[in-house]
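Report on the structure given below.
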Amino acid sequence: MASDVLMPRLSDSMEEGTVLKWLVEVGGEVKRGAPLAEIETDKANMTYESDADGVLVEVLAEEGQTLPVGEVIARLGEEGEAPSGPDKSAEPEPDAEPEAKSDEVAAAEAEEKEPEAKPAAPARQEGERIKASPVAKRVASDLSVDLGGVEGSGPGGRVVKSDVEAAAEQGGGEPAAQPEKPAQEKAPAGEEDRAADAKGEADIKGAAPKGEAGPKGEPEVTELTRLQRTVSRRMAESKATAPDFALSLD
């Protein structure tokens, strides 16, 4: 009989963990004390060792997925054992089929029914934060895939590793829509001359080397790691409960 593998509590302050990598493939044999998965906690990345012998028959937590402590992430069983599916015993039995309709009525109803169009996925708003796992972001960077055009299949529309790999096979995902730039108004002739003179003076003084970003380049938002979020939260709590002060004596 298959046994559940739960998200372990690897530290006293750990409330949830992220599965970074499975070290054993489905169907692989697992020994007690052998490395099973790499898990990211609020303090560090740690290797989780199996608590029992068996065969990894089912993986419920994908790489990059975050789950609370005690949640089932995989199942161990015996060799050849099939993954456990939903319990069908509690499902109600289907009602008896209605009386057969005539061939003409059935054909008429079939013609009237048209397949419903599948609703398109909602377009991502400009400036909307892209929900993606750390592993998916790393894989997207390695494969040069734009996460803005990848549709996530994880919880809450989160982009996971398999979504990025599928987008890479299809050509790198759909490029993110770029906002249209408003047409620039033509400046008066006098202003154009002054602008040309100012540009000439700048060229004489020396232009910035090519390849370097300007002082007002586009900002790049980087998601904090779990460790960075924990450190920032603890520092804020420390400042609120025990503020720093300095004492000087003459």
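The sequence shown begins at 143 in the numbering used here and counts up one residue at a time.
Note that the Cβ used here is the ideal one computed from N, Cα and C, for glycine as well.
Owing to the predicted nature of the structure, the values given are computational and were not obtained by experimental measurement.
Secondary-structure assignment with DSSP links residue 219 through a beta bridge to 197. Going by C-alpha positions, residue 210 is about 27 Å away from residue 290. Minimum Cα-Cα distance from residue 153 among the listed residues 172, 375, 147 and 188 corresponds to 188. Rounded to the nearest whole angstrom, the CA to CA distance from residue 204 to residue 389 is 53 Å. Pairing residue 284 with residue 292 gives a Cβ-Cβ distance that is not under 8 Å.
In terms of Cβ geometry, residue 155 and residue 178 do not form a close pair [threshold 8 Å].
Comparing alpha-carbon positions, the option among 159, 311, 302 and 215 lying closest to residue 168 turns out to be 215.
Secondary structure of residue 152 (DSSP, three-state): coil.
Inclusion of residue 162 and residue 277 in the CB contact set at 8 Å is warranted, their separation being smaller than that value. Linking residue 208 to residue 175 through their CA atoms gives a straight-line distance of about 23 Å. By the C-beta density criterion, residue 196 is buried, having at least 16 other C-beta atoms within 10 angstroms. For residue 281, the enclosing alpha helix (DSSP H) has its first and last residue at 276 to 285.
If the five residues before and after residue 182 are omitted, its C-beta is found closer than 7 Å to the C-beta atoms of 159, 160, 162 and 368, all from its own chain and listed in chain order. Take residue 372, set aside five residues on each side of it, and the residues of its chain with a beta-carbon closer than 6 Å to its own are 184, in chain order.
For residue 209, the secondary structure class from DSSP, reduced to helix, strand or coil, is strand. Membership of residue 311 in the alpha helix (DSSP H) is indicated by the continuous run 303 to 311. Residue 218 sits close to residue 144, with the two beta carbons spaced by under 8 Å. For residue 180, the uninterrupted beta strand (DSSP E) run begins and ends at 177 to 182, by DSSP.
Counting only residues of its own chain and dropping the five nearest sequence neighbours on each side, residue 170 has a CB closer than 8 Å to the CB of 197 and 198. The three-state secondary structure of residue 147, taken from DSSP, is strand.
Within its own chain, the residues whose Cβ lies closer than 6 Å to the Cβ of residue 295, once the five positions on either side in sequence are excluded, are 305, listed in chain order.
Here the alpha carbons of residue 173 and residue 377 stand approximately 41 Å from one another. Note on residue 381: under 16 other CB atoms within 10 angstroms of its CB, so exposed under the neighbour-count rule.
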